[in-house]
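Reading through the structure tokens given below for one structure.
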Amino acid sequence: TPNPSAEQLAEFAFQSVDTAKTVGGIENPIIGMLSFSTKGSASHEFVDKVVKATEIAKQRWPELAIDGEFQADAAIVPKVGSSKAPGSASAGKANVLIFPDLNAGNISYKLVQRLAKAEAIGPILQGMAKPVNDLSRGCSVEDVVNVVAITAVKAQ
26 TPNPSAEQLA
36 EFAFQSVDTA
46 KTVGGIENPI
56 IGMLSFSTKG
66 SASHEFVDKV
76 VKATEIAKQR
86 WPELAIDGEF
96 QADAAIVPKV
106 GSSKAPGSAS
116 AGKANVLIFP
126 DLNAGNISYK
136 LVQRLAKAEA
146 IGPILQGMAK
156 PVNDLSRGCS
166 VEDVVNVVAI
176 TAVKAQ
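Counting in this note's numbering, the sequence shown runs from 26 upward without gaps.
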């Protein structure tokens, strides 16, 4: 979904917990809902959507470790998180990031993959009726094998 609703973002967060555990091996997923604002530092409809999504997820699945809206640094860097969002138990500790839209997610994914020379596995699609994933036209054979393996795991 290129521009998901708050409801869809909340659902993506919930589904990502299972993916983080089964595919990523993350025992205790901590979800950071990303935005260009941290805890009200900016006012905009895009920020409002992420705030609403976070509220929906907290209300519907109170067992989730989830918070936001966070700028990326506040979500993953402990010192920045405690400075920008001092009341948040999740700030600076997120190990699962929910991007507000396809633009932000895809751009970030490609930058990390290429500039950090990281092994990027995915993208892993959430919210589909059946397990399905996508591959970039610039992917390698190893990328294909990894995505096929993840899709098979999610199908079980």
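Cβ atoms here follow ideal geometry from the backbone N, Cα and C, with glycine treated the same way.
Review point. Considering D92, what are the terminal residues of the beta strand (DSSP E) in which it resides?
Key: By 1-based counting over the sequence shown, the position of residue 92 is 67. Going by DSSP, D92 is part of the beta strand (DSSP E) stretching over A90 to F95.
Where does I132 fall in DSSP's three states? In the sequence shown, residue 132 corresponds to position 107, counting from 1. The three-state reading of DSSP puts I132 in helix, counting H, G and I together.
- Message: Just verifying my parser: in three-state terms, what is the DSSP assignment at I175?
- Response: By one-based count along the sequence shown, residue 175 stands at place 150. Helix, per DSSP.
_Using DSSP's beta-bridge definition, name the partner residues of L127._
Within the sequence shown, the letter at position 102 stands for residue 127. L127 is not bridged to any residue.
- [ ] To the nearest angstrom, report how far apart D98 and A78 are at their CA atoms.
- [x] Numbered from its first residue, the sequence shown carries residue 98 at position 73. Numbered from its first residue, the sequence shown carries residue 78 at position 53. Here the alpha carbon of D98 sits roughly 20 Å from the alpha carbon of A78.
Worksheet item: How long is the line joining the alpha carbons of V169 and P87, rounded to whole angstroms?
Response: In the sequence shown, residue 169 corresponds to position 144, counting from 1. In the sequence shown, residue 87 corresponds to position 62, counting from 1. Cα to Cα, V169 sits roughly 36 Å from P87.
Any idea if P103 is buried or exposed, counting beta-carbon neighbours within 10 angstroms, 16 or more meaning buried? Residue mapping note: residue 103 aligns to position 78 of the sequence shown, counting from 1. Exposed, because fewer than 16 other Cβ atoms sit within 10 Å of the Cβ of P103.
- Query: The alpha helix (DSSP H) spanning L34 covers which residue range?
  - Reply: Sequence index remark: in the sequence shown, residue 34 carries index 9 (1-based). Here the alpha helix (DSSP H) through L34 covers A31 to T47.
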